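Enquirer: The sequence shown begins at 938 in the numbering used here and counts up one residue at a time.
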Amino acid sequence: MSEQVKVAVIYYSATGSVHTLAEAAAQAAEKAGAEVRLRKVRELAPDEAIASNDGWAAHRLQTQHIEEATLADLEWADAVLFGTPTRFGLPAAQLKQFLDTTGGLWAAGKLVNKIVSSFTSTGTAHGGQETTIVALNNTFYHWGAIIVPPGYAAPIQFQAGNPYGASHVSANGANPPGEVELGSVAFQAERAVEIATVLKRGLAA
């Protein structure tokens, strides 16, 4: 068994904030020594809805080269970082729909002991960041996965202030992720790689 950890960063982003966080997570995981796949989930919104929002339409065009997530990416990965905007304090339907297709992997026990961690972005302050991450965790309990939050395990987390997962307030698209948010999600990815490496070596032994 190769000791190199395989990390999938799977996300949904409408106007780009979560995408920016996902890219930072992928880069940090790669820098920490992991083999990384950056994947977006399939868009479910109708074309007319996307076209009605300039930021949404532009981001869709800018990220058309990024591969869509598949169940094979989940099976391949030792660790998975999930990113989603919040929708009324819950994960976006696009990411939830992808998670809803994992029943076959779950039934076969292929999601047991995956390292998982989640991050989010909201349009407003107090817009459901913690509840979105906690709601995602409900799926992972059923999988038998191992949830690895960033906690307050690094100085950047005392600046970021969210032990559940990296989070960002986009001000409805006017405020891109800054140094603190990018540092937080990078630490979260590094921590996921670290724990996944220890677990993989232990299981191999």
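A virtual CB, placed ideally from N, CA and C, is assigned to each residue, including glycine. Bear in mind the structure is a predicted one, so any value in this text is a computation, not a measurement.
DSSP puts residue 1011 in a beta bridge; with which residues?
Expert: DSSP lists no partner for residue 1011.
Enquirer: Three Cβ pairs or more, each shorter than 8 Å: is that satisfied between the region 985-1002 and the region 1028-1043?
Expert: Because the criterion of three Cβ pairs below 8 Å is not met, the region 985-1002 and the region 1028-1043 do not touch.
Enquirer: Where in the region 1030-1097 do unbroken runs of the beta strand (DSSP E), each at least 3 residues long, occur, reported from the N-terminal end onward?
Expert: As far as the region 1030-1097 is concerned, its whole beta strand (DSSP E) runs of at least 3 residues are 1052-1059.
Enquirer: My assumption, with CB atoms under 8 Å, is that residue 1049 sits in contact with residue 1080. Please give the rounded CB distance.
Expert: So it is a contact: roughly 7 Å between Cβ atoms.
Enquirer: Going by alpha carbons, who is nearest to residue 967 out of 1033, 1060, 947 and 1123?
Expert: Cα-wise, what sits closest to residue 967 is 1123.
Enquirer: Candidates 1036, 1064 and 997: which alpha carbon is nearest residue 1053's?
Expert: Ranking the options by Cα distance to residue 1053, first place goes to 1036.
Enquirer: I want to know whether the region 1133-1142 touches the region 1093-1101 - three or more CB-CB distances under 8 Å.
Expert: Touching, no, given that fewer than three Cβ pairs across the two stretches are closer than 8 Å.
Enquirer: DSSP state of residue 946, grouped into three classes?
Expert: Residue state, collapsed to three classes: strand.
Enquirer: Could you check how far apart the C-beta atoms of residue 1100 and residue 1086 are, in whole angstroms? I think they sit under 8 Å.
Expert: 6 Å between Cβ atoms; contact.
Enquirer: Out of 951, 1083, 1117 and 1136, point me to the one whose CA is closest to residue 1020's CA.
Expert: Closest by alpha carbon: 951.
Enquirer: Could you give the first and the last residue of the continuous beta strand (DSSP E) run that contains residue 1105?
Expert: Unbroken beta strand (DSSP E) run through residue 1105: 1104-1106.
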